[in-house]
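Going left to right, the sequence shown walks through residues 1 to 732 as the UniProt record's numbering numbers them.
Notes follow the structure.
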Amino acid sequence: MPHSDTRRDIRAVYRTDLDGLRGVAIALVACFHVWFGRVSGGVDVFLTLSGYFFVGSLLRHAIASSDPVATFRDAVNPWPRLSRLLRRLLPALITVLIGVAILTVAILPQTRWVNVGRETIASALYFQNYYLAQNSQDYLAASSANSPLQHLWSMSMQGQFFVATLLVLLVLAALLKLLGLRLRAFARPAVIRGVLGGLVALVALASFYYAQARQGVDLGINHWLQDRLGVNQPYNYYDTLARLWEPLVGGLLAVWMPRIRLRSWLRTLLTVGALGLIVSCGWWIDGVAEYPGPMALVPVGATLLIIFSGAVAPDEPVPAANRMLASRQGVWLGNLAYALYLIHWPLLIFYLALVSRDQANVVEGTGILAVSLGLAWLTKRYIEDPLRGGGRSPLAERTLPRLPGIRYGAALTTLLVVGTLAVGTGAKVWEHRMAGVSVDTTNLDPHQYPGARAWLDDAPVPALDPQPTPLAAEFDLAPTSGDHVMAHFEDPDFHVGVYGDPTAERTLAVAGGSHAEMWVPALDIIGKRNGFKVTTYLKMGCPLTLEDYPTRPDGSPYPECGPWVRKVLDELERVRPDAVFTNTTRPNPDGPADHVPPGYLMVFDELLAAGIPVLGMRDTPWPHDGDGRAITTPGCLAAGGDAQSCGSSRAYSLAPIDPITDYASTHPGLHAVDMSDAVCDDTFCPAIIGNIIVYKDYHHLGATYVRSLSSALSYRLAQALPWTGPPFGPFD
């Protein structure tokens, strides 16, 4: 006879209140994305529910497989469950990816096609979370510059969880089946629960520990892992290993549900309190900075509490709050949660790109949500349901034209397969085309493309298309990029590049982050012309600063930066270059204009005390439009903009006077260099100057424009340190 476990039969009963909880979660996710630009905690609710249902189903499979009448093949065969999983997940996902591909070509500038194409493939193959993690994209407020597929990181993470958990627990079920044939104790449901629950708990604890270590939380035992992997919260946010504990604790509750008899009013109180935490946590927890760390226990724990509160015995009444979640409206919205999650974000992003805004107002947001809801219903009714059931949609069969011998489900499957192949092929073809794009503007005729010389030397500007083209501008890089001498975020070492005149006795060391690196094309020319060596000490996103808690450009902690700066300063004081070239300012985080971070001054003090002069370059403006939104210059130009519409206000990015001026006046060894007038006039910073595109992205000057600044920069350097001159002529 089949094994029974009547004490636990309540878990096999379908919980419609949890469908309602899904509805609450998707409402939070969509509303927070559309209107508030914050992480709501709804995704963490989804993860916990997914683990509860999925691990619970695998537990029931393991118990059923232990029955003597069940075959070993039944215990280990993954295909029945895997095929159901694929039918559940893929149809809606593929439909959305095809729609995103079409809208990308129709709405977004060509400069963004490669990245969207790569993300489309990553999403279809369920590694979008790691694609985003590797490319250091932070999950912040929606804007027209965000990826329309950025939200699919959670789908990829869940897909990885489903497949890995399925395979591991099926192997465990097979082992228990073999043991049960020899020792009947291993065929008992209680033993199976214990073994499976122990494994789930162990992996969940390991994942939780890993998440805390990578976030930088000190639990007293994290140092070993932190020392080896480092702290990296942007990566941690997307990492499946760090997120795994969230669905696993849900699964643990499916394995072991506390059997505590509570009064119905108390269960209702617990559910209401848990709902309050889920609804409110998006306001008082910064999910981007805190999840999946300890604060993720708030939405996860609240979800577990709701699951527990509604798990009543057959003779107990269902709590009122759980009955409310199980209402027809809540269950209806919960059933649309998957499709609605897939659709609402790209619809929002494409709308914002179309109207060139970063946020939707109340009316627009309501319209986006309404359209998303309608599309989600259509997707579920005409795509998910018929393919999930492996057959036809009765309503579709009645309302759509019927071809002889062709079922709706088969036709739909064919269309999705063809669409997938077309999108994937198109993405790879476009990526291959862009991979062949290179920028070689070293021999541009300066009379036709004067660049900065058009302003500084009054050079005439003929009517020509700018160089490089907007599509190629992102490849307009300093030679250090091709030489791979810039340390990546996690790289603890410096890698010295040599430019200018390698045989010269005098040396100018360029040190800091990418905003120091972008001046290397001009310094290379100046060094060759004037007989000095240019050495580089560069790290991504890490300017020379001695602040206690450096951050990455996205504001997340950057613990690798401080030790690297210390190592570079020690090396500079050892080799003693004739001068150090680095940045003196950054955008002011508290408002417009620029400022000198205190950590920079500490570096200058140390170098000057060591007798090493500093050439302090003021940072160039970070382009913004009139509403303070960031402008990615090549993308703006590719979308049809021009030098004016893609330009920005000088006053927004630059203070009236170089902020380092006061420090330089009392520290003669620091020579302030301000090239702002080569990028902006008195009030405006155009996107194109002298037929050359100024910026290669949001805030880095392109190498072509920097080379056009060689004469002017040589003049400024020679004023500070005569051995770097004399300057050369405008067209030399």
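Don't be surprised by glycine CBs; every beta carbon is placed ideally from N, CA and C.
> Buried or exposed: L202, going by 16 or more other Cβ atoms within 10 Å of its Cβ?
Replying inline: In the sequence shown, residue 202 corresponds to position 202, counting from 1. Classification of L202: exposed, given that the 10 Å Cβ count is below 16.
> If we ignore side chains and look at the alpha-carbon of each, how far apart do D315 and R263 end up?
Replying inline: Translated into the one-based positions of the sequence shown, residue 315 becomes position 315. Translated into the one-based positions of the sequence shown, residue 263 becomes position 263. The alpha-carbon atoms of D315 and R263 are separated by roughly 12 Å.
>> Measuring only the C-alpha atoms, how far is L244 from T165?
In response: Numbered from 1 along the sequence shown, position 244 holds the residue referred to as residue 244. Numbered from 1 along the sequence shown, position 165 holds the residue referred to as residue 165. In a straight line, the C-alpha of L244 is about 10 Å away from that of T165.
> Exposed or buried, which one is P722 when buried takes at least 16 other CB atoms within 10 Å?
Replying inline: As a first step, residue 722 is located in the sequence shown; it is residue number 722 there, counting from the start. Exposed, since its Cβ has fewer than 16 Cβ neighbours within 10 Å.
>> At the level of alpha carbons, what is the spacing between L637 and L569?
In response: As a working note, residue 637 is residue 637 in the sequence shown. As a working note, residue 569 is residue 569 in the sequence shown. Rounded to the nearest angstrom, the two C-alpha atoms are 40 Å apart.
> By DSSP, does V461 sit in helix, in strand, or in coil?
Replying inline: Looking up residue 461 in the sequence shown gives position 461. Looking at V461 - three-state DSSP - the assignment turns out to be coil, as it is neither helix nor strand.
>> By the three-class DSSP mapping on this structure, what secondary structure does L149 have?
In response: In the sequence shown, counting from the first residue as 1, residue 149 sits at position 149. L149: coil per DSSP, three-state reduction.
> Does the beta-carbon distance from L412 to I383 come in below 8 Å?
Replying inline: One-based indexing of the sequence shown puts residue 412 at position 412. One-based indexing of the sequence shown puts residue 383 at position 383. Their beta carbons are under 8 Å apart, which means L412 touches I383 by this criterion.
> Residue range of the alpha helix (DSSP H) that T582 falls in?
Replying inline: Here residue 582 is taken as the residue at index 582 of the sequence shown, counted from 1. Element bounds for T582: not the alpha helix (DSSP H) but the beta strand (DSSP E), 579-583.
>> I'd like to know whether the C-beta atoms of T582 and V614 end up nearer to each other than 8 Å.
In response: Within the sequence shown, the letter at position 582 stands for residue 582. Within the sequence shown, the letter at position 614 stands for residue 614. Yes; because the gap between Cβ atoms is below 8 Å, this pair is in contact.
> Are the C-beta atoms of L608 and some chain D residue less than 8 Å apart?
Replying inline: In summary, chain D is missing from the structure at hand, where a single protein chain is found.
> When we look at the beta-carbon of P109 and count the other beta-carbons within 10 Å, is it buried (16 or more) or exposed?
Replying inline: Residue mapping note: residue 109 aligns to position 109 of the sequence shown, counting from 1. Buried.
> Should I278 be labelled buried (16 or more other beta-carbon atoms within 10 Å of its own) or exposed?
Replying inline: The count along the sequence shown starts at 1 and reaches residue 278 at position 278. I278 should be labelled buried.
> Grouping DSSP H, G and I as helix and E and B as strand, with all else coil, what is D697?
Replying inline: Position 697 of the sequence shown, counted from the first residue, corresponds to residue 697. D697 falls in the coil class under three-state DSSP.
>> Does F684 come out as helix, strand or coil in the three-state DSSP assignment?
In response: Position 684 of the sequence shown, counting from 1, holds the residue named residue 684. F684: strand per DSSP, three-state reduction.
> Looking at C-beta atoms only, is the number of pairs between the segment 34-51 and the segment 273-288 that lie closer than 8 Å three or more?
Replying inline: yes
>> For L607 and E517, what's the separation of their Cα atoms in angstroms?
In response: The count along the sequence shown starts at 1 and reaches residue 607 at position 607. The count along the sequence shown starts at 1 and reaches residue 517 at position 517. If I take the Cα positions, the gap works out to 19 Å.
>> Is the separation between the beta-carbon of G216 and that of Q233 shorter than 8 Å?
In response: By 1-based counting over the sequence shown, the position of residue 216 is 216. By 1-based counting over the sequence shown, the position of residue 233 is 233. Their beta carbons are under 8 Å apart, which means G216 touches Q233 by this criterion.
> When the Cα of V423 is compared with those of D440, Y449, V96, A311, which residue comes out closest?
Replying inline: Counting from 1 along the sequence shown, the entry for residue 423 is found at position 423. Minimum Cα distance to V423 is reached at V96.
>> I believe G616 touches V673 by the beta-carbon criterion, under 8 Å. Please report the beta-carbon distance rounded to the nearest angstrom.
In response: Locating residue 616 in the sequence shown gives position 616, counting from the first residue. Locating residue 673 in the sequence shown gives position 673, counting from the first residue. Confirmed, Cβ separation roughly 6 Å.
> Which partner residues does T551 have in the DSSP bridge list?
Replying inline: As a first step, residue 551 must be located in the sequence shown, where it is residue number 551. Answer is P557, bridged to T551.
>> Short of 7 Å in beta carbon distance, which residues of its chain neighbour residue 736, apart from the five on each side in sequence? Order them along the chain.
In response: Beyond the ends of the chain as shown, which are 1 and 732, falls residue 736; an answer cannot be given.
>> Suppose only complete runs of 4+ residues qualify. What are the alpha helix (DSSP H) ranges in the segment 38-107, listed by chain order?
In response: 42-65, 72-76, 79-107
> Using the C-alpha atoms, what's the distance from P726 back to F532?
Replying inline: Numbered from 1 along the sequence shown, position 532 holds the residue referred to as residue 532. Numbered from 1 along the sequence shown, position 726 holds the residue referred to as residue 726. Those two C-alpha atoms are separated by around 12 Å.
>> Out of Y449, A106, C685, which one is the CA nearest neighbour of H624?
In response: One-based indexing of the sequence shown puts residue 624 at position 624. Looking at the Cα atoms, C685 is the closest of the given residues.
>> By the three-class DSSP mapping on this structure, what secondary structure does A201 have?
In response: The residue you call residue 201 lines up with position 201 of the sequence shown. Helix.
> Can you name, in chain order, every residue of its own chain whose Cβ lies under 6 Å from the Cβ of R392, other than the five neighbours on each side?
Replying inline: Here residue 392 refers to the residue found at position 392 when the sequence shown is read from its first residue. Confidence is the limiting factor: at R392 the pLDDT is only 45, short of 50, which leaves the residue's position unreliable, though a coordinate-based value still follows. Here the set comprises P386, R407, Y408, G409.
> Are the Cβ atoms of A360 and L348 separated by less than 8 Å?
Replying inline: By one-based count along the sequence shown, residue 360 stands at place 360. By one-based count along the sequence shown, residue 348 stands at place 348. For A360 and L348, yes; Cβs fall inside 8 Å.
> Once you ignore the five residues that flank L354 on each side, which residues in its own chain have a CB closer than 7 Å to its CB?
Replying inline: Locating residue 354 in the sequence shown gives position 354, where the first residue counts as 1. Correct list, in chain order: I107.
> Are there 16 or more other CB atoms within 10 angstroms of the CB of I692, so buried, or fewer, so exposed?
Replying inline: Taking the sequence shown and counting its residues from 1, one reaches residue 692 at position 692. I692 comes out buried.
>> What does the alpha-carbon distance come out to for the pair G500 and D524?
In response: By 1-based counting over the sequence shown, the position of residue 500 is 500. By 1-based counting over the sequence shown, the position of residue 524 is 524. Near 4 Å, if we compare the C-alpha coordinates of D524 and G500.
> Using DSSP with H/G/I as helix, E/B as strand and the rest coil, what is I349?
Replying inline: Here residue 349 corresponds to residue number 349 of the sequence shown, with the count starting at 1. If DSSP states are grouped into helix, strand and coil, I349 belongs with the helices.
> What did DSSP end up calling S356 once you bin it into helix, strand or coil?
Replying inline: Taking the sequence shown and counting its residues from 1, the one referred to as residue 356 is at position 356. Coil.
> For the beta strand (DSSP E) that Y499 lies in, which residues bound it at each end?
Replying inline: As a first step, residue 499 must be located in the sequence shown, where it is residue number 499. Note, Y499: beta strand (DSSP E), 497-500.
> Starting from Y600 and walking both ways along the alpha helix (DSSP H), at which residues does that stretch end?
Replying inline: Against the sequence shown, residue 600 aligns to sequence position 600. Note, Y600: alpha helix (DSSP H), 598-609.
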